[in-house]
Amino acid sequence: MNLKTIIGYKPQTTIVQNIFRLLLGAFLLFAGITHLTVARTEFLAQVPPWVPLDGDRVVVLSGMVEILLGAALLVARGYRALVGLVTAVFFIAIFPGNISQYVNRIDAFGLNSDTARGVRLLFQPLLVLWALWSSGAWQIWRSRHPHTTPVTLQNGN
Numbered sequence: 057m058n059l060k061t062i063i064g065y066k067p068q069t070t071i072v073q074n075i076f077r078l079l080l081g082a083f084l085l086f087a088g089i090t091h092l093t094v095a096r097t098e099f100l101a102q103v104p105p106w107v108p109l110d111g112d113r114v115v116v117l118s119g120m121v122e123i124l125l126g127a128a129l130l131v132a133r134g135y136r137a138l139v140g141l142v143t144a145v146f147f148i149a150i151f152p153g154n155i156s157q158y159v160n161r162i163d164a165f166g167l168n169s170d171t172a173r174g175v176r177l178l179f180q181p182l183l184v185l186w187a188l189w190s191s192g193a194w195q196i197w198r199s200r201h202p203h204t205t206p207v208t209l210q211n212g213n
């Protein structure tokens, strides 16, 4: 599937998927706003030291991206699958910040132990899947890789 097809792709989504998409959009809007306001210092602590940009600029830019993605998940009807894909890529792109927080033992957002930071790492793949599933973007991949019938063994052979 090429970009033109992805842009025009309008997947069928269930009510449950739509509710979760709206929740994710609201979550991203909230997170983006807090990047720019009350939690700026917390987010700054997550910027890895090897990022070649000013940390505050990274926080502001990522906050703006989260606001745009959140708004798009809420209102961009014809582009849900594309927005879901972009959101998943964004979650993958910011994952090094979570890894850096764990490796460097940085306390932020109440993650003040290795266990808490480690558990947080496990949630990032779930956010990626949430974005893909709730937006219907997962169907793009499935349409390119149709299900195959699983092999079943009979009589234990």
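Here this note's numbering is used: the first residue of the sequence shown is 57, the next is one more, and so on. Note that CB positions come from ideal geometry on N, CA and C, so glycine has one too.
Span of the alpha helix (DSSP H), counted from its first residue to its last, around residue i
i: I75; result: 71–92
i: D170; result: 170–191
i: P108; result: Element bounds for P108: n/a, residue is neither H nor E.
i: I155; result: 151–159
Local conformation of residue i per DSSP, three classes
i: A101; result: helix
i: Q195; result: helix
i: P206; result: Any reading at P206 needs caution, since the residue's pLDDT is 49, under 50, leaving its predicted position unreliable; the model's value is listed next. Three-state result, P206: coil.
i: A132; result: coil
i: A95; result: coil
Beta-bridge partners of residue i, as assigned by DSSP
i: A164; result: L167
Integer-rounded CB distance, given that residue j should sit under 8 Å from residue i
i: A132; j: V139; result: 5 Å
i: G88; j: G134; result: Contact flag wrong, Cβ pair sits at about 22 Å.
Within the chosen definition, does the stretch 88–98 reach the stretch 149–162 through at least 3 CB pairs nearer than 8 Å? no
Per the contact definition of three or more C-beta pairs closer than 8 Å, is the stretch 105–122 in contact with the stretch 165–179? no
Would you say the stretch 178–189 touches the stretch 141–148, given that touching needs at least three Cβ pairs under 8 Å? Because the criterion of three Cβ pairs below 8 Å is met, the stretch 178–189 and the stretch 141–148 touch.
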